[in-house]
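Asks: Numbering (numbering that gives the first Met the number 0), first residue to last: 0 to 89. Attaching a single structure in structure tokens format; questions to follow.
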Amino acid sequence: MKNNNMKNNDQNYISNSMFATVGGEGNLSLWDLEKEMETSISSINVGEALNKCQWNLNGDYIAVGGVSGKTYIYRNTTRGGSGGGNVHES
């Protein structure tokens, strides 16, 4: 498995089995341990190195911070175990 130099992770407040990771190669990845333990269920490359991620309280959105100081907001379509396992830029 390729090392993405994970910089931060955050657990979803609604679904305890779901969490997000960000890394130095610019990837935001969603993980759901109830569905898959070894690979992410969804991943998107933001285009710059990332160093922070944080879910909102209802688990619908995740904010991602880049090393440039930019903040990106993504919509979680996996909420409640439905929606197909994707993140979409908002």
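Each residue gets a CB set at the ideal place from its N, CA and C atoms; glycine is no exception.
(1) Below 8 Å on the Cβ atoms is my contact criterion, and I expect Asn7 with Cys52 to pass it. Report the Cβ-Cβ distance as a whole number of Å.
(2) Taking Cβ to Cβ, would you say Leu29 is nearer than 7 Å to Ala19?
(3) Tell me the rounded alpha-carbon separation between Ile61 and Asn75.
(4) What are the boundary residues of the beta strand (DSSP E) that includes Leu56?
(5) Rounded C-beta distance between Met56 and Ile43? I'm assuming under 8 Å.
Replies: Well, looking at it:
(1) Their Cβ separation, rounded to whole angstroms, is 5 Å, which keeps Asn7 and Cys52 in contact under 8 Å.
(2) Yes, Cβ-Cβ distance for Leu29 and Ala19 is below 7 Å.
(3) 7 Å
(4) Per DSSP, Leu56 belongs to no beta strand (DSSP E) and is neither H nor E.
(5) Position check: residue 56 holds Leu in this sequence, whereas Met was assumed. In fact, because the Cβ distance is near 22 Å, the residues do not count as touching under 8 Å.
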